């Protein structure tokens, strides 16, 4: 028994003492005050006693075991905590039923993600739990409660309702409100909105301020709920059925300072003096700008969250704002590994707590949960680990006493970290290993693993595919296999081991008698490697399955394998697809099979003792990523523990309904910048939903909607959105059916819009009428720089209108008019415009009918621009335009004076040998052209001779020339000639 005032009495904020005076005695076994019988939770108990100094602890000789020193107090506290933990209700960290029971027992309420989106749209901060209980919002036209009911959670646990539960780990930025500037709220909505779009499940959030009863708790139920929740807070972050979303950043300084200076911007918080809610400016709140990673409780939540069997369930969701920052560059490596308790205690010594005594409770809980989770863990999946976390894994691995399988994907490390983990793996009990590193990390790890295999006797199945270990890595593994007798299945697919690596493995197979299945697909082992393996198979009697697909083994390799199969009687399945074995190789294999008594492709199952291979700890349903999927590609992206900024859903048949779900997320999302929805048949309904989102979204800059069956109605909705949207800079509407009516609507929007710089309208049948409307817009618009109008049935009249616009427009730099119906008259108008225009640098006229007259007009424009010294055009594509020698001669004359053009495409015309001679003469003096395509032009031997001559002359002048298809050419100047 420990004598001293009861925390219930001394800290009424945290307790529920029913006595009128401070309590004097606390009984550790029951944790009840003798005076008030108030039950103490373990966190509060440790906090209280560790705040006491030596002078505050009074010995009571009448009570055996009274503490005499601070150290004794701490010891007794730890004992008391352990006893309390046994007395507390135990909640299984895998069972969804246990999780639901905890939420009900402690009355913890989850918050609907859609309610948080509603808060963002209405620019309101998160409410306290007390106020959240009565909050409602409109969802799909129906009123809905902000908080999830316990009945709904139970339905989820029973498997009758789909939901993904996410716990938020965050800092409290002020004492009164954790997120007064709504920074954290925005980060949560950015991420949960994408989950809502990707999965056909509700998204429920645990956020302490809105999920737990906050100060001031005014009745016993609120106090009991809070105590119970705090005693088991680790469940929210360590349970296998939840995700953790970690927010490390605080509100940006400029946002914080702006709100600090503006007294009209207020936050509704509880005021202890008046015992009511009051609206207060930020400057009246008690700020705490301590960084997230320096806070003790935040560090604890990180550790609890890292103890799940799949570390992708612990996600860092707030991406850095500076795109050049180092954190941004390594954003794909956010994975964490559990920290061993000893290391965690050292870290806690440096951590900052509002109440320093909280540290002991945090340390105890981390130790308790670490032992519980790690010792029980049988299947561990770790992804996205940076080098320091590989080192942490090496330290933690010995504690995984019951581990059966370990998967480590997408990691980076050096030799030091790989060696450390290799040493830990040497004594691991895991039977299944999958290792897949990034770049040279995989090579380092496989070499370290090879050393471990010389000692390890438990690993049976190794998947080392896609590590590019090369011959050296294969040789290291081969040496290990000469000693190791436990490995049965070895996957070395796509490791570039080559003939040398295959030869080393073959030598090992002559000795090894345990390997049964070897996958060497796509390793470039060639005939030499195949021959070496064949020699090994004449001796080896354990290998049953061998995959040699895509290895360039050829007829000789196949023949060698065939000879081996005449002797070998163990191989049942050999895959030789894509090896160029030819008729000779195939015949040799056929002859070998006729001599064999057993079939090479046998369907017998493996031995019964192989068992079932699992990739992660078995959980009775309800894992977050097992929820039904709506958008598969997005769901997969969300599993990689990265901040999603680009969404690529090309060719996924998501349709209008899928886009509607995505559009809902984009209404409040501020992190996604690029969306690719090409070839998804979203139609007008889908693009209308997207347009509605763009009216409020401020982050998306690029939209790709090619091939989506979008008509005029859909584009009209998009055009309306562009009148107010200021973030979208690039729109791809290629291969739709928007027609002239759709382009007219876009043109009207472009008269007002100042953000769009690139627009692709190719393949939309807009015709002359459509391009005329677009031309009118370009007379006013100053932001568009690139326009693609290919394959739109545009004739001379349409180009004339465009040319008029270019006489005044100064922003457009690139125009693509491929495959239209433009003749000489249209190009003449365009050439006139180019005489004064100084912005256009690239003109694409491929697949029209401009002829010699058209190219003469362009040549004249290039000459005049050269004389005025305002030449801007650098690239001209005149492919397939019925241009003859007269047109090319005019172009050649222009090139003698023009110094801006660097690239000309004259492919598939009829310039002949005289035309190419004229070009050759021009190139002798021209100093700007670096690329000419003359393919399919019948230039003949004389034309080739003229070009070779000019090449030699330019070489003497110091030009580095690269000529195709001439041999011995050097890079710098490219002529695509064709014969």
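In full-length UniProt numbering, the protein residues as written are 1 to 979.
Built from N, CA and C at the ideal position, the CB exists for glycine as well.
Fair warning: this is a prediction, and the values are worked out from it, not measured in the lab.
Local conformation of residue i per DSSP, three classes
i, result
"residue 345", "helix"
"residue 277", "strand"
"residue 371", "helix"
"residue 705", "coil"
"residue 213", "coil"
"residue 762", "coil"
"residue 364", "helix"
"residue 625", "helix"
"residue 324", "Model confidence at residue 324 stands at a pLDDT of 44, short of 50, so the residue's coordinates are unreliable; what they give is reported in the following sentence. Residue 324 falls in the coil class under three-state DSSP."
"residue 949", "helix"
"residue 4", "With a pLDDT of only 36 at residue 4, under 50, the local geometry of the prediction cannot be trusted, and no value is derived from it."
"residue 1003", "Summary: the structure shown does not reach residue 1003, with the chain confined to residues 1 through 979, and so no result is reported for it."
"residue 988", "Coverage of the chain is limited to positions 1 through 979, which leaves residue 988 absent and any answer about it impossible."
"residue 518", "strand"
"residue 143", "strand"
"residue 108", "coil"
"residue 129", "helix"
"residue 287", "strand"
"residue 795", "coil"
"residue 192", "helix"
"residue 315", "strand"
"residue 491", "strand"
"residue 421", "helix"
"residue 304", "helix"
"residue 662", "helix"
"residue 204", "strand"
"residue 955", "helix"
"residue 383", "strand"
Residue i and residue j closer than 8 Å at C-beta
i, j, result
"residue 803", "residue 825", "no"
"residue 873", "residue 900", "yes"
"residue 116", "residue 218", "no"
"residue 165", "residue 110", "yes"
"residue 595", "residue 566", "yes"
"residue 890", "residue 847", "no"
"residue 266", "residue 252", "no"
"residue 145", "residue 136", "yes"
"residue 425", "residue 452", "yes"
"residue 701", "residue 670", "no"
Rounded Cβ spacing between residue i and residue j (contact assumed at less than 8 Å)
i, j, result
"residue 499", "residue 529", "4 Å"
"residue 460", "residue 432", "7 Å"
"residue 909", "residue 937", "6 Å"
"residue 240", "residue 308", "6 Å"
"residue 397", "residue 378", "So it is not a contact: roughly 14 Å between Cβ atoms."
"residue 170", "residue 184", "5 Å"
"residue 384", "residue 463", "Actually they are not in contact, since the Cβ atoms of residue 384 and residue 463 sit about 18 Å apart, beyond 8 Å."
Rounded straight-line distance, which links the Cα of residue j to that of residue i
i, j, result
"residue 849", "residue 827", "10 Å"
"residue 882", "residue 855", "10 Å"
"residue 853", "residue 935", "21 Å"
"residue 830", "residue 648", "38 Å"
"residue 717", "residue 201", "29 Å"
"residue 209", "residue 167", "12 Å"
"residue 283", "residue 180", "11 Å"
"residue 715", "residue 495", "48 Å"
"residue 845", "residue 927", "24 Å"
"residue 532", "residue 558", "12 Å"
"residue 571", "residue 546", "8 Å"
"residue 755", "residue 175", "41 Å"
Proximity test, residue i beta-carbon vs the ligand GDP heavy atom, cut-off 7 Å
i, result
"residue 262", "By its list of ligands, the structure shown contains no ligand whatsoever, and the ligand GDP lies outside what it can speak to."
Those residues which DSSP pairs with residue i across a bridge
i, result
"residue 983", "This structure leaves residue 983 out entirely; the chain is present only between 1 and 979."
"residue 883", "According to DSSP, residue 883 bridges with nothing at all."
"residue 876", "843, 904"
"residue 434", "407, 463"
"residue 814", "786, 842"
"residue 258", "Residue 258 is not bridged to any residue."
"residue 243", "166"
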